[in-house]
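Chains as they are written, first to last, in our numbering: chain U, 2 to 479; chain C, 2 to 479.
Number of protein chains: 2
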Amino acid sequence: MRKIAAIIGGGVIGGGWLARFLLNGWDVNLYDPDPESKRKIKAVLENARHALPMLYDVNLPVEGSLNFCESIKDAVEGATWIQESVPERLDLKHKVFNEIINHASSDAVIGSSTSGFKPSELQEGSIRPDSIIVTHPFNPVYLLPLIELVPSPANSVTIIDKAKEILTSLGMFPLHVRKEIDAHIADRFLEAVWREGLWLIKDGIATTQEIDDAIRYGFGLRWAQMGLFETYRIAGGEEGMAHFISQFGPCLQWPWTKLMDVPELTDELIEQIANQSDAQSGHKSIRELERLRDNNLIAILRSLKNENTAAGALINNHEKTIKPELPSEYDNPITTINRVIPNDWTDYNGHMNESRYGQIFSDAADIIMKTVGANEAYIASGLSYFTVDIAIKFLAETHAGSNIHVKSYILQGEGKKMRLFHQMYGEDGTLMATGEQMLIHVSLETRRACEPRKDVLTNLERIAAAHSKIEDPRGGKQ
Amino acid sequence: MRKIAAIIGGGVIGGGWLARFLLNGWDVNLYDPDPESKRKIKAVLENARHALPMLYDVNLPVEGSLNFCESIKDAVEGATWIQESVPERLDLKHKVFNEIINHASSDAVIGSSTSGFKPSELQEGSIRPDSIIVTHPFNPVYLLPLIELVPSPANSVTIIDKAKEILTSLGMFPLHVRKEIDAHIADRFLEAVWREGLWLIKDGIATTQEIDDAIRYGFGLRWAQMGLFETYRIAGGEEGMAHFISQFGPCLQWPWTKLMDVPELTDELIEQIANQSDAQSGHKSIRELERLRDNNLIAILRSLKNENTAAGALINNHEKTIKPELPSEYDNPITTINRVIPNDWTDYNGHMNESRYGQIFSDAADIIMKTVGANEAYIASGLSYFTVDIAIKFLAETHAGSNIHVKSYILQGEGKKMRLFHQMYGEDGTLMATGEQMLIHVSLETRRACEPRKDVLTNLERIAAAHSKIEDPRGGKQ
Chain U
2 MRKIAAIIGG
12 GVIGGGWLAR
22 FLLNGWDVNL
32 YDPDPESKRK
42 IKAVLENARH
52 ALPMLYDVNL
62 PVEGSLNFCE
72 SIKDAVEGAT
82 WIQESVPERL
92 DLKHKVFNEI
102 INHASSDAVI
112 GSSTSGFKPS
122 ELQEGSIRPD
132 SIIVTHPFNP
142 VYLLPLIELV
152 PSPANSVTII
162 DKAKEILTSL
172 GMFPLHVRKE
182 IDAHIADRFL
192 EAVWREGLWL
202 IKDGIATTQE
212 IDDAIRYGFG
222 LRWAQMGLFE
232 TYRIAGGEEG
242 MAHFISQFGP
252 CLQWPWTKLM
262 DVPELTDELI
272 EQIANQSDAQ
282 SGHKSIRELE
292 RLRDNNLIAI
302 LRSLKNENTA
312 AGALINNHEK
322 TIKPELPSEY
332 DNPITTINRV
342 IPNDWTDYNG
352 HMNESRYGQI
362 FSDAADIIMK
372 TVGANEAYIA
382 SGLSYFTVDI
392 AIKFLAETHA
402 GSNIHVKSYI
412 LQGEGKKMRL
422 FHQMYGEDGT
432 LMATGEQMLI
442 HVSLETRRAC
452 EPRKDVLTNL
462 ERIAAAHSKI
472 EDPRGGKQ
Chain C
2 MRKIAAIIGG
12 GVIGGGWLAR
22 FLLNGWDVNL
32 YDPDPESKRK
42 IKAVLENARH
52 ALPMLYDVNL
62 PVEGSLNFCE
72 SIKDAVEGAT
82 WIQESVPERL
92 DLKHKVFNEI
102 INHASSDAVI
112 GSSTSGFKPS
122 ELQEGSIRPD
132 SIIVTHPFNP
142 VYLLPLIELV
152 PSPANSVTII
162 DKAKEILTSL
172 GMFPLHVRKE
182 IDAHIADRFL
192 EAVWREGLWL
202 IKDGIATTQE
212 IDDAIRYGFG
222 LRWAQMGLFE
232 TYRIAGGEEG
242 MAHFISQFGP
252 CLQWPWTKLM
262 DVPELTDELI
272 EQIANQSDAQ
282 SGHKSIRELE
292 RLRDNNLIAI
302 LRSLKNENTA
312 AGALINNHEK
322 TIKPELPSEY
332 DNPITTINRV
342 IPNDWTDYNG
352 HMNESRYGQI
362 FSDAADIIMK
372 TVGANEAYIA
382 SGLSYFTVDI
392 AIKFLAETHA
402 GSNIHVKSYI
412 LQGEGKKMRL
422 FHQMYGEDGT
432 LMATGEQMLI
442 HVSLETRRAC
452 EPRKDVLTNL
462 ERIAAAHSKI
472 EDPRGGKQ
């Protein structure tokens, strides 16, 4: 059965939610009375379609269908998840929730993107408070995994668990905020930092550029992977966290008393900030800045993915749930790879680095290994295949965002030997590269060649026999 | 002439400075009266030697020599840079500065790692205030580029410029803080965030783990590359920064009035935080956490390096200054590559990914291209070489942190053709892989094969002729 998400309010945040659902295979109904809504959604979707597929080393599910609806009623009927992202006015939100609840399925989750209101405030006067829960995302919603999931005592465990499950299935990280509080958790930090930033600018200490440099060349790099307390734990050394606090806590307290006042947002201060921001970033359009941000985020997230840590571990876990089935048809060449080229695979000239052709063929060989039964459990049992040599022909260039697929042939599969031939194709069917690869079966203990397990060898021989009946893909070059 | 840095105080921060200088080829004199100092420095150096070389795609300069000194006098004599990292007590720092100035060269820069004191406070009562300047680093000092460079009015432009030049030559980013202020810039943000964190824990809203998750899965990822204001500029959309502030500024102001108080660091609160931190990270030793942090930082920094943006652009600029000269000896195989394997090149099993052998050989071909004159200017003029095919033999595995080098032969260099043969060796001289690579000279305009420029062809033919006299590295397999 198709899963339907209803998006109520299609600004930057609502649009980000919409993209997250759509690109994860959900159908999406959008309601937004703004006549500009289609144009705005198109812009967010273009960014998301560029960015999100690059996070993964497998293809995302086929995109769902997007429907623009004329009313809340039309949007929410049949929806499993309803996400409210209308302006931050409590009276407006109450009106929207009442309308939603009049037409929504009784077991639908109604998430609110509010950054400030507590769920109990949102639930006030509702006939079904249990359905309404805060699910506060972070921009860009299609890339950043954090969702602050804030229930009130009126929410049941059932709805909380359901919300967690769905968010996780979208590759997000639902952080269960156990006590409701104004501005939840993350925005309290953002407010504190924002206030300090205003003071520094107002007092002429630093410009927006200098503040951003102080963040991105320093603690921003720490926080992208460990956060605050684990970082400080390390600073405390072997003597532990209590030592850190007693040593540095009082230091940190010194200037506090001077930082308590809130700077008034005068026209003058706003103009000062706007001018500094223009000087810093005004040479780039918002669209360019969005792309720069997204490419950076993908690169960072993919680097953490390779380390299987922090936000990268979340992506790996999500990827496991969307990995395609192993090939089941062998009589033709096997489609081993079907994926998007990520931006961290490209060179300064925008083309895919030569070496990544080799990586794609090496990944294709992994799929062949799994297909014949030499899977993770097999490797854990101490047996595997090692690549002995590969010969790659480069026929056409490709670039970030391109979809490519690989057809693989087992040219030889007997005893310890497995010889593969891979063809990499572009979206339009252009043959972009070929790779002929020799693998030898080894014992991981002795590091020496040995015969595969019997079932693996049988599978290998069967497919090799089938492929021997196809025309040799190397043409006359055997 | 050897450059000497004196490190006064060898804790985590002083040790990080020491490693930065040493690994950038400076000789380092350390003075620290702590009898444990040698052991502590060894631990920091081990981490730094593991981490810093991986940031770069060329080898760092040969390490300088490290000397443990018995006195400040012995340490500072002849030093170009003197870094003070003693405990945060103003009287102690004054005493140390006086002793330094008694023995230091009059044009040495005396940087202070203080996180709280203003330079004018440090300079009080000094006979040479101009020499003393704040150069506040961030842990781990050997990886994070930010240095807050804070002068007082007593500092001359000469000393400020000299400090900037030296810090930049170490791969750091000196952020010139134009007005001195308690806690400089970055630590004011850290204080604000720390205070909010204490409240959230004290009030039972969130644990250390939950706070860290709120940071590293959300805004931490934004801040690692853009900082605060550029991120918000994007949120403001085409309507600009003033629009963002008028829309979101007041929102952000709402809860402020509740966040003004400073939580008292009672024993109870300290214990609460320490216990939560143990639950979060206690299963890992500090050493393991340091390695995890460093590997994550390297991976993130290298991902930004590949995008040539944010902190990655700094590394690329620094790398240009330490790039080795092009080879000048041709009669033997040319040593094209000499580098460390970074951790983002390894698979889950810790071995270098197959495809990276191809990358190393492709990088080797780049050096050969430059050596024959097909350099960046040549490519900008519309001519280049494209790889047509490569055949790689995998002979041995390698892993992150290993030093490898490549010897390259020009097997054929005539007309449009350049055929190369590369041998990749491990530190112990083991042959780990070979690659035979065919490149064709092309016009980047027509994308078709064409003859190289005459001087390039002449160089190519000359080296190919010299290499034809060496024994064929492929053995009998030609």
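Each residue gets a CB set at the ideal place from its N, CA and C atoms; glycine is no exception.
Residue-level contact to chain U via CB, residue i, 8 Å cutoff
| i | result |
| --- | --- |
| F190/C | yes |
| G205/C | yes |
| I159/C | Strictly speaking, residue 159/C in this sequence is Thr, with Ile absent from that position. No, T159/C lies away from the interface with chain U (no Cβ there is under 8 Å from its Cβ). |
| G180/C | It is Lys, not Gly, that sits at residue 180/C in the sequence shown. Taking Cβ atoms only, chain U reaches closer than 8 Å to K180/C, which makes this a yes. |
| L310/C | Before going further, note that residue 310/C is Thr rather than Leu in the sequence given. Chain U, which has a Cβ nearer than 8 Å to the Cβ of T310/C, makes this yes. |
| A401/C | no |
| A381/C | no |
| I134/C | no |
| A467/C | no |
| W257/C | Confidence in W257/C is poor, its pLDDT being 45 and thus under 50, which makes the residue's placement unreliable; the coordinate value appears in the next sentence. Yes, W257/C lies at the interface with chain U (some Cβ there is under 8 Å from its Cβ). |
| D291/C | According to the sequence displayed, residue 291/C carries Glu and not Asp. For E291/C, the answer is yes, since a Cβ of chain U falls inside 8 Å of its Cβ. |
CB contact below 8 Å: residue i versus chain C
| i | result |
| --- | --- |
| Y218/U | yes |
| G16/U | no |
| K119/U | no |
| F395/U | yes |
| L145/U | yes |
| D345/U | yes |
| G476/U | no |
| Y426/U | no |
| L176/U | yes |
| D58/U | no |
| F69/U | no |
| R303/U | yes |
Cβ-Cβ distance between residue i and residue j below 8 Å
| i | j | result |
| --- | --- | --- |
| L396/C | L421/C | no |
| G228/U | R217/C | yes |
| I167/C | V110/C | yes |
| N60/C | R357/C | no |
| L123/U | V135/U | yes |
| I369/U | T337/U | yes |
| V45/C | V13/C | yes |
| I133/U | P175/U | no |
| V194/U | V194/C | yes |
| I83/C | A105/C | yes |
Residue i - DSSP class collapsed to helix/strand/coil
| i | result |
| --- | --- |
| W257/C | Bear in mind that a pLDDT of 45 at W257/C, under 50, signals an unreliable position, so the model cannot answer this. |
| T232/U | helix |
| M353/C | strand |
| N60/C | coil |
| S86/U | coil |
| L19/U | helix |
| N276/C | helix |
| S286/C | coil |
| P474/C | coil |
| S385/C | strand |
| D1/C | Residue numbering for chain C in the displayed model covers 2 to 479; residue 1/C lies beyond these limits and cannot be assessed. |
The ligand MN heavy atom lying under 7 Å from the CB of residue i
| i | result |
| --- | --- |
| L56/U | Ligands displayed in this structure: none; no statement on the ligand MN is therefore possible. |
Quiz item: Which runs of the beta strand (DSSP E), 3 residues or longer, sit entirely within the stretch 121–186 of chain C?
Solution: Uninterrupted beta strand (DSSP E) stretches at least 3 residues long and entirely within the stretch 121–186 of chain C occur at 133–138, 147–151 and 174–177, given in chain order.
Exercise. Note down, one range per segment and in chain order, each alpha helix (DSSP H) of at least 4 residues found wholly within the stretch 94–125 of chain U.
Key: 120–124
Quiz item: Which ranges does the beta strand (DSSP E) cover as unbroken runs of at least 3 residues, wholly within the stretch 388–461 of chain U, from first to last along the chain?
Solution: 404–415, 418–426 and 432–444
Quiz item: Would you call the stretch 322–338 of chain C and the stretch 303–319 of chain U touching, i.e. three or more CB-CB distances under 8 Å?
Solution: no
Quiz item: Counting Cβ pairs closer than 8 Å, one from the stretch 400–417 of chain C and one from the stretch 335–354 of chain C, do we hit at least three?
Solution: Touching, yes, given that three or more Cβ pairs across the two stretches are closer than 8 Å.
Quiz item: Are at least three pairs of beta-carbons, each pair with one atom in the stretch 99–116 of chain C and one in the stretch 53–69 of chain C, less than 8 Å apart?
Solution: The stretch 99–116 of chain C is not in contact with the stretch 53–69 of chain C.
Exercise. With a floor of 4 residues, list each alpha helix (DSSP H) that falls wholly inside the stretch 305–378 of chain C, ordered by position along the chain.
Key: 311–323 and 355–372
Exercise. Report the residue ranges of all alpha helix (DSSP H) runs contained in full by the stretch 182–219 of chain C; include only those spanning at least 4 residues, in chain order.
Key: 187–203 and 209–215
Exercise. Assess, as a yes-or-no matter, whether the stretch 409–426 of chain C is touched by the stretch 411–430 of chain U under the definition of 3 or more beta carbon pairs within less than 8 Å.
Key: no
Quiz item: Is there contact between the stretch 297–311 of chain C and the stretch 296–309 of chain U, where contact requires at least three CB pairs shorter than 8 Å?
Solution: yes
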